[in-house]
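*Asks:* In our numbering, the protein residues as written are 3 to 250.
We put the beta carbon where it would ideally sit given N, CA and C, even for glycine.
Values in this document were obtained by computation on a predicted structure and should not be read as measured data.
(1) What residue range does the beta strand (DSSP E) around residue 161 cover?
(2) Less than 7 Å between the C-beta atoms of residue 162 and residue 180, yes or no?
(3) Keeping to the same chain, check which residues put their C-beta closer than 7 Å to that of residue 205; ignore five residues upstream and five downstream.
(4) On a Cα-Cα basis, can you pick out the residue from 203, 4, 9, 5 that is closest to residue 129?
(5) Contact check, residue 196 vs residue 171 under 8 Å by CB: the rounded distance?
(6) Rounded to whole angstroms, what's the CA-CA distance from residue 51 to residue 67? Just pull it up for me.
(7) Assuming residue 164 and residue 143 form a contact by the criterion Cβ under 8 Å, report the distance between their Cβ atoms to the nearest whole angstrom.
(8) For the stretch 148–159 against the stretch 27–35, do three or more pairs of beta-carbon atoms, one drawn from each stretch, fall closer than 8 Å, so that the two count as touching?
(9) In three-state terms, what does DSSP make of residue 193?
(10) Mind pulling the beta strand (DSSP E) runs of 3 or more residues that sit fully within the stretch 105–173?
(11) Which whole runs of the alpha helix (DSSP H) in the stretch 78–104 are 4 residues long or more, in chain order?
(12) Would you decide whether residue 3 is buried or exposed? Buried here means 16 or more other CB atoms lie within 10 Å of its CB.
(13) Check the C-beta distance from residue 216 over to residue 232 and give it rounded, since I have them as a contact under 8 Å.
(14) Can you tell which of 198, 240, 241, 60 has its C-alpha closest to the C-alpha of residue 253?
(15) What residues in its chain sit with their C-beta under 6 Å from that of residue 97, if we drop five residues either side in the sequence?
(16) Can you give the beta carbon distance from residue 103 to residue 89, rounded, assuming they're within the 8 Å contact cut?
(17) So residue 212 is in the beta strand (DSSP E); what residue range does that whole segment cover?
(18) What does DSSP give as the partner residues of residue 11 in its beta bridges?
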């Protein structure tokens with residue numbers, strides 16, 4: 003078996019628990035938009051009513067899905083889809099195009115600020131510190147987390163945001179881009195991720211080995227395909243790598 007020299011990592015729900023982060027960011031930026039926009043309109047003596055009453059959060063979520071379907075070439079570019087959705091709703095609310103664009107941009111800045119208020123699992127920093135001395139490390143995410151805004155960036159010379167390639171996982175291109183930038187090959191790489199569809203399947207199709215973070219015990223006790231190793235938490239990764247080194 004070829005010896006591993008490269009590790010690629012998913013981010014959300016692999017290196018941190020993403021559910022609370024997204025819930026806080028989703029509600030927080032939309033509440034901010036409704037409140038700040040109301041104050042701004044009142045100061046201008048404009049009477050459009052409350053934005054959040056006309057377009058509550060579920061309407062925004064639904065509209066994002068509609069925008070994604072209308073612009074299939076933007077698939078996976080969640081920042082653009084969110085921004086476009088906000089712009090269209092703000093225009094429908096009654097703002098002129100320039101002001102709708104201004105407020106959509108401001109709301110997205112607020113969303114991204116909240117999106118990056120996250121805490122990696124306690125073990126992650128030391129774990130990556132240890133791995134970086136032996137492996138080439140990269141991240142591959144479908145999310146819109148900019149690793150440069152997080153302290154973890156120091157561990158990763160390569161970070162791939164798949165949406166910016168307009169090729170979200172399970173597309174093979176983000177994996178190939180990461181391996182190319184690390185001057186590696188699928189046979190020498192292991193991918194670490196929590197999604198069977200977006201992490202396990204595409205990585206295995208390329209010939210990478212996979213550490214599947216089965217956070218919810220979906221496959222406890224079940225046989226897995228060759229090259230797929232089940233973990234329940236990323237903290238178990240060093241033990242897996244030690245076993246694989248013994249098999250090389």
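*Replies:* Answer, in terms of the structure:
(1) 160–163
(2) yes
(3) 177, 193, 212
(4) 9
(5) Actually they do not touch by this definition, with Cβ atoms about 12 Å apart.
(6) 25 Å
(7) 7 Å
(8) no
(9) strand
(10) 138–143, 160–163
(11) 80–95
(12) exposed
(13) 5 Å
(14) With the chain running from 3 to 250 in the structure shown, residue 253 is simply not present.
(15) none
(16) 6 Å
(17) 211–215
(18) 141, 194
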